[in-house]
Structure formats: structure tokens, C-alpha cells
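Here it is as C-alpha cells:
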């Protein structure tokens, strides 16, 4: 029974409406927390870090459990008159630790002792003592040679006394794989709840407002959503460098340009009317927020988000596809111009380019041919990457009579791989701090990183314009319980066992709001100094 906390009752007890009294109270009061033979556990539909002990099948691990012994054991049941409950917790803000606790009164007399709970217990289950309000006490917590003392005065019922450890001490062993999986699920549930509360209005209004920019959008769903959710197709209109009325008409045209067999077809209206309307820096942040909203509010599959654009929208694809490659399942450029961008960052993104053979304005058709050769060369030198399809439609001008629509079924056969074994990260003039499973503290325009991963070994093959690098890892990529090695130019930069940490889980989720983009471990390496020419020794 829940009544400002969990309570229990028996099936037919002669105690009226009084809770926490039953025929089994005496026996239950002697239970041992965390002991599968002598503790008390509740079955949980939520995946926790503990399995429910099935006495008839001791080897079974398909049923999850929460240790609820603390609701029944002696000390939690008997509430001395004139006292209130004081709860104790030790660790850091991300991870609770078990340890021995002793509470002394003002005369130095020990009035209580017990074991603080770790992350294997219910999040609301804390070691509890019954103490006298208005009196001062001292609590001593010890664990593995670490000893902390806290003086406190009892002010209220359910008062929480915390022992805070520096993060390295509190996370000395890190999380287990199961604990990390459980925490990731809990963090996602909390995030989704917040998004539903805070963002539903902007999706209903079909307008995003961020950092002074306003981006209306329109969308329509096609077909039945697969089990993982609808795909999302972001389609950018043409125009640019024209009056608002012209760009509004281009937006309306884009809404009718393509149909899908399945997915959500979404057409945003560019926030500005400038020539570069789709590749200014605010577009990246607006698209990030849009995807984050739709993952929760429309249940889209974050691994099947596709980017496409026509004319000025195609200009945007040329720019956004490489610099945001880790957001897309595939990208299609129609009738645009690349300007100064390069295709190197497309290593893990399926990319298709469609151009009218007679589309000579700004040399678009010639640039399409040049990109065809560039992509072919990149793929030849790196056969594991740069999957592409370039189609120059003979006899067609800037308008390709919808022949470019062939791109959509080709794109639909691809999905995002967020954990590729090799990454080529080339920063644009609009920079990002994260790309696939790499991150930097400070993003530098035009910097270049090439990193590969094989088994437990990670090698930094190129690093220009980067001083320090963060490597985000999880158990799907390698074995975090074994040694991981990071090297550059034959020099070992890191060798050890990365810890699974809650703060990494929370931070990587907050960065994108993408449940598939959450990592549990992080390794930071300092790169050797560069010479003046930009090459490393």
C-alpha cells in the first residue's frame, strides 16, 4: 500500500485499518538486506540490476526484482514515541555506495548503526534511524579505508543526511553492465517525461523558437509505423536570397514534392530569406531540437532520420550532411551547389546526389560531376565507407520532372550506424562538439580527425587542429571489463579499463535526447603538440 511511502498488510489481519502489522511481522523483521536467501524482494516489470530469486529455478534470470527488505526489517517497523525518521545516503550525486554507518549522540554514545544502500536497492530505499527532533548528532561513515563524519541537527521527519565523496572515489569500481543498462533506461524515462511536459506545445503549434530564430514546420505521416517507430524525412525547400513571399511559395511547393510508402514527411520553413538559408549555424540547433521532440512526441526511429533538399535546400544538404552525418540514416541532394564544403565527413553516411545534366547555373552540373569523382575516389581508397549514388539526369535542367524522387526508396534501404569502426570528422565553419562516438571540449573550424576501432584497440590515425579528444564507449562496441588501449602514431595514450558512469550516461543523453546515442564510459586523451605546419610528428 502506498501512503506517503510503502506499507504492508496481510490478507485477513485482525488489526482494522492499521498497516505494517501482520502475522509475518516477526519473521520479516529478521530479514537480511541484499541476501537472496534471507532478504525480501518484489518482482519488477522494470529492468533492474537484480534478478528475482526463483527458489524452484535458481538459475533463472528472466525476472527482475527490487530489494524491499528495508520496508520490513526491525528498526523500520518500530517507531519509538517522540522520534522522527532520519535517512542516510553515501556516494556522489550519480552513484550511491554501501558502507558502515554509526550515529553518536551529543555525549558520544552510539545510538544507531547500519549499512547504507548502494545502487542495487530501490532509489527511495535509504538506511533509516529513529532520532529525537531538536537534538544534535554526529554520523560516521566508513568504507574501504575511507571515513567521513557529518554533524547534523534533527529538524524534521524524513530528513536526509548525505555523505558526499569526490567523484573518483565514489566511482572507484564504476557500474556493472546491468546497472548501466538499468540507469540508462531510467534516465530515458525521466527525459521523455520532461519532453512531453515541456515540448508538446511547440509541436502542436508547428513552430520551433530557439536563440532568437523561429522555424515553422509542416508534416504528414504515411503508412503504418514499424515496431521501432516511423522514419522521419526532413525536406528543405528552395528559394533563398528572395522576398518572403517567394520563399513561402517554395515552402508550399516542397510539401507536395514527394510521397512516402512509410514515414513522417516534414517540411520546415527556413527561419531567414537569405541565400544561405539552410546552412547557417542556427539550422543545426533547430534540427537537433526538432529530432529530439519527434523521438518522444511522435515516436520516430532515431536511426532512420533522413535529410533531403532541392535547389537552395540542396545547398543545405551539401553542408549539413557532412557536418551532422551522425544524425542521418541517409541524405539526398537535389539541384544544389556545395560551395566550400568537402565530402570527407560522409564516410559513414549513405549519400545520393541528383542533378539535371543541363543545370548550368552556378556550374551546378559541373560540380555534381566533380563530387561524383570525389566520392568514387574516397570509396576506392576506403572501401568500407562512402556509399553513394550520383545521378546526373540527361537533358534535364534545374527542374528534373520528379526523376529525383528515385532517391527516396534508395535512402529507405539505409539506416544510421552510430558506432562505426572508423570515423572521419572534418569540422566545417559551423562546428560541433560531438560526432558519432567522438567528442571534443573545444571545436575548431576545419580541424580533422580520423579514428578507427578494432576489438579493444582504438587508433587515432589523423589529428589536426585537436589537442584533446573524448572517446565515448559502451558494451556494444567492446568489452568494458577488459583493458582498452588508445594509441596515436605508435604511442600509447591510454591503457586501462574505462568505468561505466552515470554522469556519462546522463550527459550523452542530454546532448542529443536520443536513447540510442547514450554511452556509459568515456576516455579522455591528450594529443601530442602540433608543429607549425599542422602535421603531427
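In my numbering, the protein residues as written are 575 to 1111. Each residue gets a CB set at the ideal place from its N, CA and C atoms; glycine is no exception.
Annotation for residue 1085: 1008 place their beta carbon closer than 7 Å to its own, counting only its chain and skipping 5 residues before and after. Assignment of residue 810 by DSSP, reduced to helix, strand and coil, places it in the strand class. Residue 825 sits in a helix when the DSSP states are folded into three classes.
Going by C-alpha positions, residue 619 is about 37 Å away from residue 834. Setting aside the 5 residues that flank it on each side, residue 874 is surrounded in the same chain by 803, 804, 806, 868, each with a C-beta closer than 6 Å to its C-beta; the list follows chain order. With contacts defined as CB atoms closer than 8 Å, residue 843 and residue 796 fail to qualify as a contacting pair. For residue 1051, the number of other beta carbons within 10 angstroms of its own is at least 16, and it is reported as buried.
Assignment of residue 688 by DSSP, reduced to helix, strand and coil, places it in the strand class.
Between residue 902 and residue 879, the CB-CB gap stays under 8 Å. Residue 1049 and residue 616 have their alpha carbons spaced roughly 28 Å apart. In the DSSP assignment, residue 767 falls within the alpha helix (DSSP H) that extends over 751 to 779. About 4 Å separates the Cβ atoms of residue 981 and residue 906, confirming a contact at the 8 Å cut-off. Annotation note: the stretch 1023 to 1089 contains the following uninterrupted beta strand (DSSP E) runs of length 3 or greater, listed N- to C-terminal: 1031 to 1038, 1042 to 1047, 1058 to 1062, 1065 to 1070. With a beta-carbon spacing of about 7 Å, residue 995 and residue 1028 fall inside the 8 Å limit used to define contacts. Closest in alpha carbon position to residue 789, among 933, 800, 581, 811, is 811. Rounded to whole angstroms, the gap between the alpha carbons of residue 754 and residue 1024 is 28 Å. When 714, 622, 647 are compared, the shortest CA-CA separation from residue 673 is found for 714. Under the DSSP assignment, residue 723 falls outside any alpha helix (DSSP H), being part of the beta strand (DSSP E) whose first and last residues are 720 to 727. Contact between residue 675 and residue 657 fails: their C-beta atoms lie close to 17 Å from each other, not under 8 Å. For the pair residue 962 and residue 910, the Cα-to-Cα distance works out to about 16 Å.
Taking C-alpha positions only, residue 1060 is separated from residue 1026 by approximately 10 Å.
Exposed is the label assigned to residue 775, since fewer than 16 other Cβ atoms lie within 10 Å of its Cβ.
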